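S.K.:
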Amino acid sequence: MRFRIREILLVSSLYDSFILEEEGQLYEMILSQYQTLNLSQAPSITRVSSAKEAIAMAKDSNRFDLIITTPNITDMSVVEFATKVIKSGLGVPVVLLTYDNRELLDIAEHYDISVFEKTFIWQGDHRILLSIIKYIEDKMNVDYDTKTAGVQSLILIEDNVYFYSSFLPIIYSEILRHSQSLLHEGVNISHRILKMRARPKILLCSSYEEAMNYYEKYEKYILGVISDIKFPCRMFPPEEAGVHFAKRVIESNFDIPVLLQSNSPEFKTIADEMGISFCCKTSPTLSRDLQKFITNNLSFGDFIFRLPDNTEVDRAGDLRSLEKKLHTIPDESLLYHAERNHFSNWFKARTEFFLAHKLRPRRVSDYESTDELRRDLITSLHLFRREQYLGSISDFDPEQFDVNSGFSRIGGGSLGGKARGLGFANSLINNFKITNYFDDFNIAVPPSIVLGSDVFDQFIEQNNLRDFAISCDDDEKIIQGFLATTFPPIYKEQLRLFLNLIRYPIAVRSSSLLEDSRYLPFAGIYQTYMLPNNNHNAEARLEELLMAIKKVFASTYSRHAKDYIKSTPYRLEEEKMAVIIQKLVGARYENRFYPSFSGVVRSHNFYPLPPMTSSDGIAAIGLGLGRTVVEGSGTIRFCPSHPKHSNQFSTVDDTLKYSQKEFYAIKLENPEEERDYNQIMELVKYNLETAEKDGLLSVIGSTYSHENNTITDGTSRQGVRLVTFAPILKNNYIPLPKILEILMEIGSWGMSTPVEIEFAVNLSTPRGTPKEFGFLQMRPLVKSHEAEELDVDSYDPDTLLCNSSQVLGNGHIDNIKDIIMIDKSRFDRSKTREAAKEIRQFNVELREKNIPYLLIGVGRWGSSDPWLGIPVTWDEINGAKVIVETSFKDFSVVPSQGTHFFQNITSFRIGYFTVNDNLENEYINWDWLRKKRAVKKMKFTKHISLKKPLTIKMNGHSNRGIILRPKG
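Under the working numbering, residues 943 to 1910 are what the sequence shown spells out, in order.
(1) What does the Cβ neighbour count give for E964, buried or exposed, with the cut at 16 atoms within 10 Å?
(2) Could you check what DSSP says for N1912 in three-state terms: helix, strand or coil?
(3) If you pair each beta-carbon of the stretch 1542–1558 with each one of the stretch 1431–1450, do three or more pairs fall below 8 Å?
(4) In the DSSP assignment, the alpha helix (DSSP H) including E1975 goes from what residue to what residue?
(5) Please report the straight-line C-alpha distance between S1575 and G1751, rounded to a whole angstrom.
(6) Would you mind reading off the limits of the alpha helix (DSSP H) that contains L1228?
(7) Tell me which residue opens and which closes the beta strand (DSSP E) that K1060 is part of.
(8) Within the stretch 1605–1669, note down every full alpha helix (DSSP H) run reaching 4 residues or more, in order along the chain.
(9) Residues in its own chain within less than 8 Å of N1475 by CB, not counting five upstream and five downstream?
(10) Note down the Cα distance separating K1525 from S1390, rounded to an integer number of angstroms.
(11) Does E1517 pass the burial test, meaning 16 or more other C-beta atoms within 10 Å, or should it be called exposed?
(12) Is L1261 helix, strand or coil when you go by DSSP?
(13) Any chance the stretch 1524–1542 sits against the stretch 1403–1415, with 3 or more Cβ pairs inside 8 Å?
(14) By DSSP, does G1243 sit in helix, in strand, or in coil?
(15) Tell me, which residues are paired with C1147 by DSSP?
(16) Tell me which same chain residues have a C-beta within less than 8 Å of the C-beta of N1043, skipping the five on either side of it?
(17) May I ask you to list the residues that DSSP assigns as paired with V1824?
(18) Starting from V1814, trace the alpha helix (DSSP H) in both directions and tell me its first and last residue.
(19) For T1774, is the classification buried or exposed, using 16 other Cβ atoms within 10 angstroms of its Cβ as the cut-off for buried?
(20) Any beta carbon of chain C sitting closer than 7 Å to that of D1770?
(21) If we count the other Cβ atoms within 10 Å of its Cβ and call it buried at 16 or more, is G1033 buried or exposed?
(22) Is the Cβ-Cβ distance between I1491 and V1392 less than 7 Å?
(23) DSSP beta-bridge partners for C1175?
(24) Just list the residues that DSSP pairs P1722 with in beta bridges.
(25) Check whether the stretch 981–998 and the stretch 1018–1036 touch, using three or more Cβ-Cβ pairs below 8 Å as the test.
(26) Please go through the stretch 1280–1356 and give each complete alpha helix (DSSP H) segment of 4 or more residues, from N-terminal end onward.
(27) Quick check on this structure: which residue in D1807, K1823, S1805, G1804 has the alpha carbon closest to the alpha carbon of N1792?
(28) Between Q1065, K1076, L1145, which has its C-alpha nearest E1100's C-alpha?
(29) Which residues in the same chain have their Cβ closer than 8 Å to the Cβ of E1653, if we skip the five residues on either side of it in sequence?
(30) So, for Q1400: in the same chain, excluding its five sequence neighbours on each side, which residues have a beta-carbon less than 7 Å away from its beta-carbon?
(31) Rounded to whole angstroms, what's the CA-CA distance from Q1469 to K1493? Just pull it up for me.
(32) F1196 by DSSP, collapsed to three states: which one?
(33) So the candidates are I1642, A1562, C1581; which of them puts its Cα closest to the Cα of E1683?
(34) Counting C-beta neighbours from all protein chains within 10 Å, is the total for W1870 16 or more, i.e. buried, or is it exposed?
(35) Expressed to the nearest angstrom, what Euclidean distance is found between the alpha-carbon atoms of R1282 and D1197?
(36) Can you grab the Cα-Cα spacing for the pair K1890 / G1359, in whole Å?
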């Protein structure tokens, strides 16, 4: 609805205003009507007494959408006033509201009242004001709303001001009350608002020609007709106009309900012969008869199943119950309603226009049997209801939630960044119907419930936790403090209803306000917990879930989170936590549950090697739950556009040494036993023998033969089992690369930026059912801004401290004088944990002094595997402005693009150099560094402070970068 009346100018004498306002309560009455009927904001009213004052105010402010005038204004006739408004060019409709029919007749006898948009008579019913407002809005909006949304209309033909002033309040009240009754069927607040705004329009007409113009223009969208018998008509005698109009309607659309009205009861015979309804205007029950027609004939209220003799068989109050009843109603009742288009009419009245227009063209004769008709109706209803929920975030309703595909919310407030990205991805996947591209794969966001941030706020306030959580620096004390609290009862009950519906393992995941934002992802800062959800005791399952939620809430105030947020422009008090409760993708194998593999894909590759390009993206996958991928240990990296060109393990020895050896799964404890709540949230590591026993290695593995020192795809031969994903990447066992390409494309298009997508795949589905691709998360991937031109060859190598062709970052940095370094030649790879502690201490010291520094080290920064690199977390090195990593003495480092650590590096625009000693022209000038005096030296690390700053130049497009030593 494009036009809405927000401000009304009332022009009336003080006494007329008093009659309307009843001691100053006019606005309150309109407001009450709007609130009672769940309408949008009620219009405000400004009253003036004179026509001149009204015109001056309207011209000066240009804010009024409607002018209502009573006959008795002081300085000119109301007709002259309306004429002046028209000539002024204000474009505001003027409505005349009189108090008596004789008063109106007197004005009409002396003046041309066509200058008014419409005239009405005040009969003591304050609903006439609501009717006037809605009449104007409907007239203004009918064309746009019909064309864009298929909104229905009711044609009301009546030229007698007294009668339509009496009818309109009744009709509007019934239609708005009906629209309000449909709100519970909306899947979320947006859908409910749309339903309310899509209520039928009422097109009030005073002549045959005006009504016929509306009918011919909107014929497919006419819900019903209520017509007088006698009214102005040029084509037929006025006293027969209503009959001729009704005949025209039923001849072209027999199923449109028509009601004829007349002062003469004898017209009932004609109406009966035509098979339409009739009301006598002189009847003492006219209002009730009108309400009854609207409810019963315009398909408002319940769908009442009847037999041909009008016997009621059953009734349905909503789409869900209608689908259920269609299974059992008798054939004769089904045929009776289908032949008369009652189903499509009922759908239209409920604003389900798509379903109505889909079914209306179908005829009973199109079906070979009644059973086929019944099946088609049930299938159409079921698919339509399912489509309503797919791709949207609905308010949780245990009666409607689909345990296999639902995405709902509990509580108000924000969904948080992670859930918002997931909801957006859900919408994209369903709107683009991605699953239809692949025959044997169901690609979807797993069923999810999101606790809105209001739940967090209420939990914190109810338990008085905020000051304690902000001031406490002990993570364990914070967790125990949160666990010792009570959960808001209303949300606890909804979670109980949710758990009653599901019995599969679930993940309880953070979704804070700031998480996964475009520039600050907060990746890996907050907690995720996995629950087996298999206890036979329903209350125990609920307590397990509440404990996990509380621990996610507590992670908002962890030391890790507090240190991280200090690096951002935000304050801890601004952060709030929503929570995602999501079905785990995977299958059960004996007493463990896990997916066939998990992965992450980025639509931009910061380190492309030919034939790859940056825009081809990069993926990392690993057997089991996603912790393996997050840690970046042993995963397989590949480009979806070039899956066969993986150079990750260049030799057989590298594959044997560095490929995945273990995987994570959830241990499914005995559901009968009492369990420690903390233990059930712990993931368990298993070896590859377990995966082979579970039947998974044959589709993701390879075999090493010691006899000839070769690796062959698959596991049909004897030998050492390896996780290589060769059957998928080389032999296309499943179309994983193509799936990832499509998801990267729509994700990047939808977010208008490169994206990172987390996923899990289950290949162990029952025979005959599609394999599962679970879309777990989508976040914007921060890229550097425009690249600076950099001609490395123009610099004298003797002036360089570092040169690399694998650089992340862009621009020019010339304010770094301090270096924290680990000397490659003197470092023992078994001492990485000790080195990490020293790095953390240096970071704290320099951050306190607000001194940026260059960090140089060996191995992979941020690795959880101490044998692969230095196991620091982001908050332990967040003072570094530029980071350099290079190889161990006996191991070449591989850039880690699959970790949360790496995501934070890119988001904070930290320069990141990877130096591969095996490549020509890549180096660190260790000799120069060793000659510099250390300000402070520890066992494995040292701090160098230069007199002049380094110059650091990076080109993000070519991935080249240099660090120049200070001059002099």
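Built from N, CA and C at the ideal position, the CB exists for glycine as well. Keep in mind that this is a model prediction, so the values were computed, not measured.
M.R.: According to the data block:
(1) Caution is warranted here: a pLDDT of 49 is assigned to E964, below 50, making its placement in the model unreliable, and no coordinate value can be reported.
(2) With the chain covering only 943 through 1910, there is no way to say anything about residue 1912.
(3) Flag = no, the stretch 1542–1558 and the stretch 1431–1450 do not touch.
(4) Residue 1975 cannot be examined here, being either before or after the span of the chain that is shown, 943 to 1910.
(5) The straight-line gap separating the alpha-carbon atoms of S1575 and G1751 is approximately 24 Å.
(6) 1228–1239
(7) 1060–1063
(8) 1619–1622, 1630–1635, 1639–1642
(9) L1441, I1444, R1445, Y1446, P1447, I1448, R1483, E1486, L1487
(10) 6 Å
(11) buried
(12) helix
(13) no
(14) coil
(15) I1099
(16) I1063, V1103, Y1104
(17) L1796, G1853
(18) Per DSSP, V1814 belongs to no alpha helix (DSSP H) and is neither H nor E.
(19) buried
(20) Of the protein chains in this structure there is only one, and it is not chain C.
(21) exposed
(22) Taking 7 Å as the Cβ cut-off, I1491 and V1392 do not qualify as a contacting pair.
(23) In the DSSP output, where bridge partners are listed per residue, C1175 has none listed.
(24) V1697
(25) These segments touch.
(26) 1284–1291, 1295–1301, 1312–1331
(27) K1823
(28) L1145
(29) Glu is not the amino acid found at residue 1653; the sequence shown has Ile there. Excluding sequence neighbours, I1653 sits near V1594, T1597, S1644, T1645, Y1646, S1647, L1664, T1666.
(30) P1430
(31) Taking the Cα positions, Q1469 is about 8 Å away from K1493.
(32) coil
(33) C1581
(34) Residue burial annotation: W1870 is exposed, with fewer than 16 other C-beta atoms found within 10 angstroms of its C-beta.
(35) C-alpha separation (whole angstroms): 6 Å.
(36) 42 Å
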